[in-house]
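Chemist:
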Amino acid sequence: MSFSSIRRLYFSVLRRLLLLWVRSETIDSSVFLSLRSDVPQVYVLQKPSISDLVVLDNECRKAGLNRPIAHINEPSLEQLASFFYLRLEPDWAGRKTTQHIAPTLKKLVQAVESGQISNVQVVPVTVFWGQSPDRETSPWKLLLADSWAVTGRLRRLFQVLILGHKTRVQFSAPIQLAELVAQGKGEERTQRMLHRLLRVHFRNSKAAVIGPDLSHRRNLVKALIHEPQVHQRIIEEAERDGISIEKAQQRALKYGNEIASDYAYTAIRFLELVLSWFWNKFYDGIKVNNLDGVREIAHGHEIIYVPCHRSHIDYLLMSYLLFTNGLTPPHIAAGINLNMPVIGGLLRRGGAFFMRRTFRGNPLYASVFNEYLHTLFTKGFPVEYFVEGGRSRTGRTLQPKTGMLAITLNSFLRSQRLPIVFVPVYIGYERVLEGRTYLGELRGASKKKESFFDVFRVIAAIRKQRFGHVSVNFGQPLKLTEFMNQQQPNWQQEITHENPASVGPAAQQLATRIAQHINAAAAINPVNLVASALLSTQRLALDENALARVINLYLSLLRSVPYSAYTSLPEGDGVSITHYVRDMQLISEQKDALGRIYYLDEHNAVLMTYYRNNVLHVFALPALLASFFHSNARMTRNQIIALARALYPYLQAELFTHWSLDELDAVIDQWLASFVEHGLLQRDGETYQRPAPSSQHYVLLSLLSRTLLQTLQRFYMAIALLLNKGQNALDAQQLEALCTVMAQRLSILHGLNAPEFFDKSLFRHFIQTLINEGVVQANAEGKLSYHDKLGALAENAAKRVLPAEIRLSIRQVTDDDDEQI
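Under my numbering, the very last position in the sequence shown is 821; numbers go up by exactly one each time.
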């Protein structure tokens with residue numbers, strides 16, 4: 001028996017033994033589509049490991065691919081197996097051996113270089129032990145999971161024995177050897193180039209799954225104070241406070257330890273165990289969309305995840321999802337308020353780094369924080385932060401804060417080692433854990449400080465509730481360099497990190513675009529749809545058939561004119577969706593002889609505004625178009641577009657809709673065509689006409705228009721108050737305060753169950769948008785003036801979008817003695 005036959009027999013026996021215990025799966029099988037059947041495939045493993053080879057062979061067998069243990073099916077290479085190892089493994093003590101060029105690699109290059117074979121596909125493969133999304137049963141097994149530590153034979157033996165059921169295989173895109181040879185660099189240089197490409201690939205592949213190899217936290221923090229910018233701040237701190245340099249350094253170290261995460265892969269694995277139980281216990285499942293786009297850009301980019309912020313569990317949800325899908329959990333910017341006993345330590349080991357609410361008045365702290373974030377960026381570790389700053393208590397995407405984006409831009413300007421890509425993420429809950437807390441805050445209760453015992457209170461409060469599904473939609477990635485080139489072609493000369501003022505406008509533009517990308521990935525769920533339908537009625541009630549018709553209409557409209565390619569819709573029809581939300585006890589039911597009536601009681605009427613606001617931006621434009629036909633039986637296309645273009649900038653500034661003014665006309669035409677198709681409008685040439693007021697279609701059109709009614713009311717009221725006071729009588733803050741008081745008064749008089757109607761921040765940003773659009777100007781003292789025709793223009797627009805009784809009510813309230821109020 002030849003040596004080759006003995007080796008095959010040995011492998012066959014060992015394979016049968018290992019596969020009695022080992023269970024494996026492929027992380028992403030889409031790469032199989034890029035393999036050409038007419039070109040030989042040769043697999044590459046990073047280092048010699050018979051267990052890795054067995055797992056690879058098993059996955060190839062399951063996928064119907066060429067087996068690595070088979071010989072290459074080419075006469076000139078038939079003596080070679082279809083795999084090779086890139087380098088020798090460490091010895092029993094874990095010491096690395098010197099690098100070498102594998103003999104098989106040399107022979108492959110020689111064969112293609114000499115023309116014996118036209119091409120070979122070199123397929124890098126990485127095997128991860130202890131890297132499975134399946135629920136783990138023992139935290140002690142996490143100690144043996146793959147990490148950046150050197151792995152010797154003894155450790156690998158224990159990995160196979162203890163983690164054999166938790167193995168994942170990652171096939172990477174094949175390297176076409178003919179393309180490298182075609183560069184004409186010669187046989188020896190091509191061998192070295194292929195070897196180098198494979199080394200870099202394996203390093204990046206491992207970093208993409210378990211994260212880059214960061215230094216020990218203590219060493220990392222110590223290194224921060226020696227960076228030039230931090231050292232300069234230490235000197236300035238010592239001079240300003242009259243302390244020694246050593247004491248100022250200790251202060252900087254204290255800041256660094258307060259900020260820095262203590263990222264531990266074993267902690268990530270432990271959190272996976274806990275979170276798997278949590279999602280199965282309280283939620284019905286997690287729906288993930290558009291993750292493939294993230295996988296495509298994970299290699300070779302600095303990834304910054306920018307999710308919307310609806311719940312404290314957003315942090316955990318993102319890390320859990322990325323980890324279980326074979327991507328590196330990010331380092332997460334968390335508020336210092338979460339650095340609580342026990343919880344803070346666990347979050348820190350899971351990748352959280354903590355930041356104070358403000359850096360104002362503390363340049364040393366700001367410098368240490370900036371340098372820490374710069375270190376993460378330059379090392380290529382993915383980062384996650386929330387551009388909204390805090391959780392949204394109203395369900396809307398909040399006006400973004402620019403602080404973290406400015407720090408990111410400054411870091412990129414200092415060092416552009418890796419291109420930065422922002423990945424927007426929309427997280428949609430059918431029910432948030434903090435629902436009861438938000439309900440209190442929506443009703444005016446003050447925000448409570450977080451406490452360790454809140455965890456137990458939340459668990460006790462939610463045990464009997466049903467929370468449905470969570471949807472996580474990854475949006476269109478935003479490449480920083482491409483964005484800056486579009487916005488400001490000469491930005492690299494005009495914006496510098498030495499001049500912080502130059503970064504501000506770019507950070508503001510970037511923040512707005514990110515918020516638009518987040519909203520463009522909206523996940524519309526059954527609760528959103530039912531909330532939007534019922535809150536549009538005057539009595540917050542509809543009979544079962546009517547509610548189903550409204551929901552079916554909304555679904556049909558959104559399918560005919562999708563909000564974006566990244567938006568998702570729920571399955572089912574109006575009846576099944578209604579029953580689903582009823583079973584979650586978010587709507588009430590009353591039966592009579594004619595059937596069922598669904599309605600919102602006082603408690604849920606306020607809470608459902610939160611879920612309606614999650615997707616208000618999706619319905620904003622069609623609702624605006626529908627509102628034009630409140631007081632107008634007929635309108636021409638030109639009239640519709642002119643009025644929409646006049647109002648759209650204010651809606652876009654508040655709701656972060658993603659269409660630009662240049663795209664608006666085409667989108668309006670699509671919506672008008674869809675309205676005609678669904679019977680909501682009738683078309684006669686360039687003129688559109690509403691249905692007869694007694695028809696069912698007119699009722700549906702009216703309900704759609706009322707989705708945006710309160711937003712338009714606020715706009716009209718703010719302008720009416722400004723006009724009542726006259727030119728140069730109010731500054732922006734005074735007008736904001738007056739709007740808030742008047743909105744509260746109006747909501748009481750008309751029984752509005754929408755606390756965000758008098759949200760001070762919404763008025764603030766509307767006033768700022770009036771200034772940005774040039775409709776209102778502020779003089780040197782900050783007093784507001786406006787064009788003489790603003791009153792006539794506002795009244796004309798209001799007549800077209802607001803019912804007469806609402807306009808009259810607003811005029812009556814704003815004509816009151818606001819000085820006395």
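For each residue, glycine too, the CB sits at the ideal point set by N, CA and C.
With distances taken Cα to Cα, identify the nearest neighbour of Tyr426 among Leu433, Asp314, Val801, Asn280.
Modeler: What you label residue 426 is simply residue 426 of the sequence shown in a count that begins at 1. Ranking the options by Cα distance to Tyr426, first place goes to Asp314.
Chemist: If I follow the unbroken alpha helix (DSSP H) through Leu784, where does it start and stop?
Modeler: Looking up residue 784 in the sequence shown gives position 784. Not the alpha helix (DSSP H): Leu784 falls in the beta strand (DSSP E), residues 784–786.
Chemist: Look at Leu418 and Glu302 and say whether their C-beta atoms are less than 7 Å apart.
Modeler: In the sequence shown, counting from the first residue as 1, residue 418 sits at position 418. In the sequence shown, counting from the first residue as 1, residue 302 sits at position 302. It is a contact, given that the beta carbons lie within the stated cut-off.
Chemist: What three-state label does DSSP hand Trp129 in the structure shown?
Modeler: Within the sequence shown, numbered from 1, the residue matching residue 129 stands at position 129. Here Trp129 sits in strand by DSSP.
Chemist: Output yes or no for whether 7 Å exceeds the beta carbon distance between Lys760 and Thr740.
Modeler: Sequence index remark: in the sequence shown, residue 760 carries index 760 (1-based). Sequence index remark: in the sequence shown, residue 740 carries index 740 (1-based). Yes, the pair counts as a contact, with Cβ atoms nearer than the cut-off.
Chemist: Please go through the same chain and pick out, in chain order, the residues whose beta-carbon is closer than 7 Å to the beta-carbon of Leu624, but skip the five residues on each side of it.
Modeler: Taking the sequence shown and counting its residues from 1, the one referred to as residue 624 is at position 624. Cβ neighbours of Leu624 beyond the five flanking positions: Ala644, Leu647, Leu651, Leu708.
Chemist: Is the beta carbon of Arg349 closer than 7 Å to that of Ala406?
Modeler: Numbered from 1 along the sequence shown, position 406 holds the residue referred to as residue 406. Numbered from 1 along the sequence shown, position 349 holds the residue referred to as residue 349. Against a cut-off of 7 Å, the Cβ pair of Arg349 and Ala406 comes out as no contact.
Chemist: Can you tell me the Cα-Cα spacing of Lys106 and Ala178, whole angstroms?
Modeler: Taking the sequence shown and counting its residues from 1, one reaches residue 106 at position 106. Taking the sequence shown and counting its residues from 1, one reaches residue 178 at position 178. Cα to Cα, Lys106 sits roughly 14 Å from Ala178.
Chemist: Hey, Arg612 and Leu557: beta-carbon distance below 7 Å or not?
Modeler: Translated into positions along the sequence shown, residue 612 becomes position 612. Translated into positions along the sequence shown, residue 557 becomes position 557. Not closer than 7 Å, so no.
Chemist: Evaluate His195 with the Cβ neighbour count: other Cβ atoms within 10 Å of its Cβ, from every protein chain shown; 16 or more gives buried, anything less gives exposed.
Modeler: Taking the sequence shown and counting its residues from 1, the one referred to as residue 195 is at position 195. The residue in question, His195, is buried, as its Cβ has 16 or more Cβ neighbours within 10 Å.
Chemist: Alpha carbons only, please: which of Leu749, Gly782, Asn796 is nearest the one belonging to Val830?
Modeler: The requested residue 830 is not part of the displayed model; the chain covers only 1 to 821.
Chemist: How about Pro40 and Leu56: do their beta carbons lie closer than 7 Å?
Modeler: The count along the sequence shown starts at 1 and reaches residue 40 at position 40. The count along the sequence shown starts at 1 and reaches residue 56 at position 56. Not in contact: Pro40 and Leu56 (Cβ atoms no closer than 7 Å).
Chemist: Using a Cβ-Cβ cut-off of 7 Å (strictly less than) and excluding sequence neighbours within five positions of Gln509, which residues of its own chain qualify?
Modeler: Here residue 509 refers to the residue found at position 509 when the sequence shown is read from its first residue. Gln487, listed in sequence order.
Chemist: Which value, in whole angstroms, describes the spacing of the CA atoms of Ser205 and Thr126?
Modeler: Here residue 205 corresponds to residue number 205 of the sequence shown, with the count starting at 1. Here residue 126 corresponds to residue number 126 of the sequence shown, with the count starting at 1. The alpha-carbon atoms of Ser205 and Thr126 are separated by roughly 8 Å.
Chemist: For Gln121, I'd like the list of residues in its chain whose CB is within less than 6 Å of its CB, leaving aside the five on either flank, ordered along the chain.
Modeler: Position 121 of the sequence shown, counted from the start, is the residue given in the question as residue 121. For Gln121, where only same-chain residues beyond five positions count, the Cβ hits under 6 Å are Val39, Gln41, Pro174.
Chemist: Helix, strand or coil for Val432, going by three-state DSSP, please let me know.
Modeler: To locate residue 432, count along the sequence shown from 1; it is residue 432. Val432 falls in the coil class under three-state DSSP.
Chemist: Considering only the alpha carbon of each residue, which of Ala620, Val421, Leu409, Gly679 lies closest to Phe656?
Modeler: For the purposes of this step, residue 656 is identified with residue 656 of the sequence shown, where counting begins at 1. Comparing Cα positions, the closest option is Ala620.
Chemist: Can you say whether His617 is buried or exposed, counting buried as having 16 or more other CB atoms within 10 angstroms of its CB?
Modeler: As a first step, residue 617 is located in the sequence shown; it is residue number 617 there, counting from the start. His617 should be labelled buried.
Chemist: Thinking C-beta only, is Asn525 closer than 7 Å to Gly428?
Modeler: Residue numbering aside, residue 428 sits at position 428 when the sequence shown is read from its first letter. Residue numbering aside, residue 525 sits at position 525 when the sequence shown is read from its first letter. It is a contact, given that the beta carbons lie within the stated cut-off.
Chemist: Can at least three beta-carbon pairs, one atom from the stretch 364–384 and one from the stretch 255–264, be found at a separation below 8 Å?
Modeler: Result yes; three or more Cβ-Cβ pairs closer than 8 Å.
Chemist: Answer yes if the stretch 530–544 comes into contact with the stretch 581–592, meaning at least three C-beta pairs across the two stretches below 8 Å, and no otherwise.
Modeler: In short, these stretches touch, since the Cβ pair count reaches three.
Chemist: Roughly how many whole angstroms lie between the Cα atoms of Tyr372 and Asn519?
Modeler: Taking the first residue of the sequence shown as 1, we reach residue 372 at position 372. Taking the first residue of the sequence shown as 1, we reach residue 519 at position 519. Approximately 30 Å between the Cα atoms of the pair.
Chemist: Measure the C-alpha to C-alpha separation of Leu703 and Ser694 and round it to an integer number of angstroms.
Modeler: As a first step, residue 703 must be located in the sequence shown, where it is residue number 703. As a first step, residue 694 must be located in the sequence shown, where it is residue number 694. Each residue's Cα considered, the two are about 14 Å apart.
Chemist: Thinking C-alpha only, which one of Ser37, Val54, Pro48 is nearest Val13?
Modeler: Position 13 of the sequence shown holds residue 13. If we check each option's Cα against that of Val13, Val54 comes out closest.
Chemist: Determine the burial state of Ser576: buried for a count of at least 16 other Cβ atoms within 10 Å of its Cβ, exposed for fewer.
Modeler: The sequence position of residue 576 within the sequence shown is 576, counting from 1. Looking at its Cβ environment, which holds fewer than 16 other Cβ atoms inside 10 Å, Ser576 is exposed.
Chemist: Measure from the alpha carbon of Leu834 to the alpha carbon of each residue in Ile640, Phe675, Leu681, then state which is nearest.
Modeler: Because the chain is modelled from 1 through 821, residue 834 falls outside the range shown and cannot be assessed.
Chemist: Here's the rule: buried if 16 or more other CB atoms are within 10 angstroms of the residue's CB, otherwise exposed. What is Pro477?
Modeler: Numbered from 1 along the sequence shown, position 477 holds the residue referred to as residue 477. Pro477 should be labelled buried.
Chemist: Is Tyr255 closer than 7 Å to Ala333 when the C-beta atoms are compared?
Modeler: The residue labelled residue 333 in the question sits at position 333 within the sequence shown. The residue labelled residue 255 in the question sits at position 255 within the sequence shown. For Ala333 and Tyr255, no; Cβs fall outside 7 Å.
Chemist: Kindly list the residues whose CB is nearer than 7 Å to the CB of Gln116, restricted to its own chain and excluding five residues on each side of it in sequence; keep chain order.
Modeler: As a position in the sequence shown, residue 116 is number 116, starting the count at 1. Counting only Cβ-Cβ distances below 7 Å, and skipping sequence neighbours, we find Ser76.
Chemist: For Ile245, does the count of other Cβ atoms within 10 angstroms reach 16, so buried, or fall short, so exposed?
Modeler: What you label residue 245 is simply residue 245 of the sequence shown in a count that begins at 1. So Ile245 counts as exposed.
Chemist: Name the residue from Ala633, Lys379, Phe202 whose alpha carbon lies nearest to the alpha carbon of Gln416.
Modeler: Position 416 of the sequence shown holds residue 416. It is Lys379 whose Cα lies nearest to the Cα of Gln416.
Chemist: How would you write the range of the beta strand (DSSP E) that Phe84 sits in, first residue to last?
Modeler: Translated into positions along the sequence shown, residue 84 becomes position 84. Taken as a continuous stretch (DSSP letters only), the beta strand (DSSP E) holding Phe84 covers 83–85.
Chemist: Could you check how far apart the C-beta atoms of Met318 and Ile336 are, in whole angstroms? I think they sit under 8 Å.
Modeler: Indexing the sequence shown from 1 puts residue 318 at position 318. Indexing the sequence shown from 1 puts residue 336 at position 336. Not a contact, Cβ separation roughly 20 Å.
Chemist: In whole angstroms, what separates the C-alpha of Ile771 from that of Val423?
Modeler: Against the sequence shown, residue 771 aligns to sequence position 771. Against the sequence shown, residue 423 aligns to sequence position 423. Whole-angstrom Cα-Cα distance: 31 Å.
Chemist: Apart from the five residues just before and just after Glu736, which ones in its own chain have a Cβ nearer than 8 Å to its Cβ?
Modeler: Taking the first residue of the sequence shown as 1, we reach residue 736 at position 736. Answer for Glu736: Lys760, Phe763, Arg764, Ile767, listed in chain order.
Chemist: Can the beta-carbon of Ile826 be found less than 7 Å from the beta-carbon of Ala248?
Modeler: Given a span of 1 to 821 for the chain in the structure shown, any question on residue 826 remains unanswerable.
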